[in-house]
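Scroll down for the structure; my scribbles are underneath it.
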Amino acid sequence: MRIMILAVASLLALHTSAQKKATVSKADALKQEASAQIQSRYEPYKTAAFSIWNFAEVGYKEVQSSSLLQQTLKENGFTVETGVAGMPTAFVASYGSGSPVIGILAEFDALPGLSQTNAPVKTSAGKSAGHACGHHLFGVASVASGIAIKELIAQKKLTGTIKVFGCPAEEGGGGKIYLVREGFFKDVDVAIHCHPGSENMISTSSSLANISAKFRFYGISAHASGAPERGRSSLDAVEAMNNMVNMMREHVPQETRIHYVITRGGLAPNVVPDFAEVYYTVRHPKKDVLQPIFERIVNTGKGAALGTETRMEYEIIGGVHDLLINNSLAEVMYKNLELTGGVQYTQEEMEFARKMQTTFDITPPPLSNAGIIKPLNTPRESGGGSTDVGDVSYAVPTVGMRAATWVPGTAAHSWQAVAAGGTEIGTKGMMVAAKTMAMTAIDLFLNPVLILKAKEEFIQSIGTYQYKALIGDRKPALNYRD
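The numbering used here puts the first residue of the sequence shown at 8, with every later residue one more than the last.
In structure tokens form, the structure reads like this:
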């Protein structure tokens, strides 16, 4: 009997091993097919990315950018639901049926005040905004990977559903928050995303939770010289608030980041301003620590209004969770990034990159870094940012990567990032991201155990926390850039 059991066990082991080899072989074949399909469409994808780069539309105003991506998906067989979660430029594109459901996130908003041509020297393009965070590349890469998976589903080489989420206003508007809050990720098994950068790596560092708000002060106008005693300056209130917040910096946890800009401060120096506005963002690695810090900032506004005899009201514009890392998914994506490889520059691109690096305020890293895949647990060069992907990561297991779309050493939100994003340095990195995301999705479609492991880790990481949007129940701040 013992010999028979051992024999059966041996046969089962051989069958399982053979099945595993067959799955691996199928995965490899489909990854090669998806990668080749994406590469074969390089020119139209490059054209799309450069079009969105030229549109340079800020958050919730990305009408042309969103329409271009939606049209591309429709032409490739996706069903597209537009204007979702109260956001005119948001969309969800779907193809297939049943499980698993894999979601790919796409962004497309630009940043105000960062107009730049695609030259390696600072030269304004005469626009009011620029893609200094490379979301034009992010959006097209996600669409490209989604289309590659759709083709495999259409050919019955994969079964399940692929969804591409068009996510507006990542830069402060928090479009993904509303998608999460309204339940658009309820049926999604795993969410995949990418982001432009100056290196190729899998994101295993978290991001900062943040809350942003506009504080508005209302005073009384008067002649600043003829009747100053009759005026109550709203600008005084803004300056008093800012002064108190700056003193508060000494007495907050050291990981805290607080930034502000005065968006309205009056129109003429000889008129006591009756309206002024200051726009604040406060960040901290832990969402639970963030909230009381923000409440203290609100109190400085109340105190400033009391001391200047003005009236204050504030509007929360955005608020994002920190990023919940899923290590099991990171390992899967890392293997695919290694398989894809990095970016190789032409001689002309090398000359462009060297010239750009002379404008950096740091000792630039080697240009060869664009072709290197960083080890899995390498910390990001900058871990001080925030993203509304954080909210998605508290709703569904999420994994992301960075691709070298910028010259090595480039800082995000810089004119150098805008410039590189308007060249093939950017679009080559975009293709690395598209291929890696598609290959990661293929692994998830073919191997349900990977999804189960990701969900187990997700449940363990989230613990007893019940997701609650940091923005409360407010509607999307569609005019926050006005």
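The beta carbon of each residue, even a glycine, is placed where N, CA and C say it ideally should be.
Inter-residue spacing [alpha-carbon to alpha-carbon] between residue i and residue j
i: LEU144; j: GLY137; result: 13 angstroms
i: VAL399; j: ASP243; result: 40 angstroms
i: PRO127; j: PRO299; result: 44 angstroms
i: LEU374; j: SER101; result: 39 angstroms
i: TYR267; j: ALA176; result: 19 angstroms
i: GLY479; j: ALA216; result: 15 angstroms
i: GLN123; j: LYS68; result: 19 angstroms
i: HIS264; j: ARG290; result: Note that residue 264 is Arg in the sequence shown here, rather than His. Cα-Cα distance, rounded: 5 angstroms.
i: THR315; j: GLU236; result: 12 angstroms
i: PRO276; j: ALA448; result: 59 angstroms
i: ALA312; j: ASP395; result: 32 angstroms
i: THR366; j: PRO95; result: 39 angstroms
i: LEU485; j: GLN354; result: 44 angstroms
i: ILE2; j: MET363; result: Because the chain spans 8 through 489 in this model, residue 2 falls outside it and cannot be assessed.
i: GLU1; j: VAL403; result: The structure shown does not extend to residue 1, since the chain is modelled only from 8 through 489, so no value can be given for it.
i: SER389; j: ILE199; result: At SER389 the pLDDT is 47, less than 50, meaning the model places this residue with poor confidence and gives no usable figure here.
i: THR89; j: SER73; result: 10 angstroms
i: PHE224; j: LEU477; result: 23 angstroms
i: GLN467; j: ASN333; result: 10 angstroms
i: ILE218; j: ARG271; result: 20 angstroms
i: ALA360; j: LYS38; result: 31 angstroms
i: LEU186; j: LYS193; result: 10 angstroms
i: ASP281; j: ILE304; result: 22 angstroms
i: THR317; j: TYR49; result: 57 angstroms
i: MET255; j: THR307; result: 9 angstroms
i: ILE160; j: GLU338; result: 24 angstroms
i: THR288; j: VAL99; result: 29 angstroms
i: TRP60; j: LYS134; result: 11 angstroms
i: LYS342; j: SER240; result: 59 angstroms
i: GLU178; j: GLU64; result: 11 angstroms
i: GLY226; j: ASN376; result: 55 angstroms
Where the beta strand (DSSP E) through residue i begins and ends
i: PRO203; result: 197–204
i: SER101; result: 98–103
i: ILE169; result: 168–174
i: VAL87; result: 86–89
Residue span of the alpha helix (DSSP H) that contains residue i, given as start and end
i: ALA63; result: Taken as a continuous stretch (DSSP letters only), ALA63 belongs to no alpha helix (DSSP H), as it is neither H nor E.
i: LYS221; result: Not the alpha helix (DSSP H): LYS221 falls in the beta strand (DSSP E), residues 216–225.
i: ALA476; result: That residue, ALA476, is in no alpha helix (DSSP H); it is neither H nor E in DSSP.
i: LYS460; result: 455–469
i: LEU242; result: 241–255
i: LEU75; result: 70–82
i: PHE359; result: 354–364
i: ALA427; result: 422–428
i: LEU165; result: Here LEU165 belongs to no alpha helix (DSSP H), and DSSP marks it neither H nor E.
i: VAL187; result: 182–188
Assumed close pair residue i, residue j - CB separation to whole angstroms, cut-off 8 angstroms
i: GLY392; j: SER214; result: 6 angstroms
i: ILE45; j: GLY103; result: 18 angstroms between Cβ atoms; not a contact.
i: GLY66; j: TYR472; result: 28 angstroms between Cβ atoms; not a contact.
i: LYS221; j: TYR352; result: LYS221 to TYR352, Cβ: 43 angstroms. No contact.
i: LEU451; j: VAL197; result: 6 angstroms
i: ALA113; j: GLY146; result: 4 angstroms
i: LEU336; j: ALA461; result: 5 angstroms
i: GLU413; j: SER205; result: The amino acid occupying residue 413 in the given sequence is Trp; Glu does not appear at that position. That belief holds up - the Cβ atoms of TRP413 and SER205 are roughly 5 angstroms apart, short of 8 angstroms.
i: VAL296; j: ALA229; result: Actually they do not touch by this definition, with Cβ atoms about 42 angstroms apart.
i: THR385; j: LYS53; result: Between LYS53 and THR385 the Cβ distance is about 29 angstroms, and since that is not below 8 angstroms, they are no contact.
Beta carbon of residue i nearer than 8 angstroms to that of residue j
i: GLN71; j: PHE62; result: yes
i: LEU331; j: ILE469; result: yes
i: MET408; j: CYS201; result: yes
i: ILE380; j: GLY349; result: yes
i: ILE209; j: LEU75; result: no
i: GLY93; j: LYS475; result: no
i: HIS328; j: CYS140; result: no
i: ILE156; j: ALA445; result: yes
i: ALA97; j: GLY180; result: no
i: GLY429; j: PHE57; result: yes
i: VAL195; j: GLY110; result: yes
i: ILE458; j: PRO119; result: no
i: VAL406; j: MET340; result: yes
i: GLY378; j: ALA410; result: no
i: GLY283; j: VAL252; result: Checking the displayed sequence, the identity of residue 283 turns out to be Ala instead of Gly. No, Cβ-Cβ distance for ALA283 and VAL252 is not below 8 angstroms.
i: GLY152; j: ALA426; result: Looking at the sequence shown, residue 152 is not Gly but Ser. Result no, Cβ atoms of SER152 and ALA426 do not sit closer than 8 angstroms.
i: GLN78; j: GLY173; result: no
Min CB distance residue i to chain D below 8 angstroms
i: SER152; result: This model lacks chain D altogether; it includes just one protein chain.
Inside the region 260–346 only - beta strand (DSSP E) runs reaching at least 3 residues: 264–271, 282–291 and 318–327
Every unbroken beta strand (DSSP E) inside the region 108–159 [3 residues or more]: 108–114
Start-end ranges of the alpha helix (DSSP H) lying completely within the region 362–418, minimum 4 residues: 396–400
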